[in-house]
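Asker: My numbering applies: residue 166 is where the sequence shown begins, and numbers increase by one.
The structure that follows is given in the form of structure tokens.
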Amino acid sequence: MRLILLGAPGAGKGTVAKMLTAIDGSVQISTGDILRGAVRDGTDLGKEAKGYMNSGALVPDELILNIMGERLLEDDCKSGFLLDGFPRTIPQADALGEMLTKLGITLDGAVNLDVPRDVILDRLTTRRTCSNSECQAIYNVKSMPSKVDGVCDKCGSPTIQRDDETEEAITKRLETFNEQTAPLVGYYEGKGNLINVNATSSDAVVEAIQSAIK
Ligand code: AMP
């Protein structure tokens, strides 16, 4: 599969991407995970990105495009990829289009995960993420808790509430999404590439995506 996953923070892009990778061996590429890893490792990229991320703003396009330009060349992308959190602006989408054309890659589509705002707010405030930057498994204290409270099932590291999941940062992230990322739905619709999915349960979303790209 070669898909873009579009949707507001908390729409379920990460969870659905992880489920899809298990189906056909495509790799999940999450720019948010890459950036959080860089912040934790204290790299130059992490130092530059941290302030934007914690305030709920987008990291500058140039930084993201440098990351993605290299990431898409890696060998594991050959068996397919699920872009989770990229592109997030029209210039990023234009740049991605150019990268894929150069690589001779055609997308199966851009999936729009359309989830109501109240569901999103509830999910974001109850989400917990594994603090191990190599793992970053996602849990939800209500719907998908880890077996031991506060401990990742997969790697045993502590699970945490992300710095950008305070109420203030969440509000800003949703505003940023509406202003800068939501226009991508029309962008991909115009290219005849859009797959709209309204389901909220991850299983139903995965099923809808599979039948749309058959
Ligand atoms: P996410 O985990 O996808 O919600 O991303 C967390 C944060 O990382 C976002 O709020 C942005 O600050 C930053 N980020 C992730 N992906 C991008 C992107 N494609 N463009 C700009 N900033 C991004």
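Glycine included, each C-beta is placed from N, C-alpha and C at the ideal position.
Only a predicted model underlies this, so the values are computations on that prediction, with no experimental measurement involved.
Hey, out of Pro310, Leu200, Thr365 and Thr324, whose CA is closest to Leu230's CA?
Answerer: The candidate whose alpha carbon is nearest that of Leu230 is Leu200.
Asker: Only counting the same chain, and skipping five residues up and downstream in sequence, which positions put a Cβ closer than 6 angstroms to that of Ile353?
Answerer: In the sequence as presented, Ile is not what sits at residue 353; that position holds Tyr. For Tyr353, where only same-chain residues beyond five positions count, the Cβ hits under 6 angstroms are Ala275 and Leu359.
Asker: Residues in the same chain with beta-carbon distance under 6 angstroms from Phe342, minus the five sequence neighbours each way, listed in chain order, please.
Answerer: These residues qualify, in order along the chain: Ala173.
Asker: Residues bridged to Cys295 by DSSP?
Answerer: Its beta-bridge partners are Thr324.
Asker: Counting only runs of 4+ residues fully inside the stretch 199-234, write out the alpha helix (DSSP H) ranges in chain order.
Answerer: The qualifying runs are 209-220.
Asker: Below 8 angstroms, how does it come out for the stretch 207-221 and the stretch 254-272: are there three or more Cβ pairs, yes or no?
Answerer: Counting Cβ pairs under 8 angstroms, fewer than three are found: no touch.
Asker: Quick one, which of Gly245, Leu238 and Phe251 has its alpha-carbon nearest Leu228's?
Answerer: It is Phe251 whose Cα lies nearest to the Cα of Leu228.
Asker: Ordered along the chain, which non-local residues of its own chain (more than five positions away) have a Cβ less than 7 angstroms from that of Asp226?
Answerer: Taken in chain order, the residues that qualify are Thr254, Pro256 and Gln257.
Asker: When you compare only the Cα positions, how much space is there between Ala373 and Gly175?
Answerer: Those two C-alpha atoms are separated by around 18 angstroms.
Asker: Grab me the residues of Leu246's own chain with a C-beta within less than 7 angstroms of its C-beta, minus the 5 sequence neighbours each way, in chain order.
Answerer: Here the sequence assigns Phe to residue 246, which means Leu is not the residue at that position. So the qualifying residues of the chain are Arg167, Ser191, Val192 and Ile194.
Asker: Which partner residues does Leu247 have in the DSSP bridge list?
Answerer: According to DSSP, which records beta bridges pairwise, Leu247 is partnered with Leu168 and Gln193.
Asker: Taking a contact to mean a Cβ-Cβ separation below 9 angstroms, would you say Asn305 touches Ser322 in this structure?
Answerer: No.
Asker: Out of Thr294, Glu299 and Cys300, which has the shortest C-alpha to C-alpha gap to Met309?
Answerer: Comparing Cα-Cα distances from Met309 to each of Thr294, Glu299 and Cys300, the minimum goes to Thr294.
Asker: From Lys243, Ala347, Asp189 and Asp328, pick the residue whose C-alpha is nearest to that of Ile270; which is it?
Answerer: Comparing Cα positions, the closest option is Lys243.
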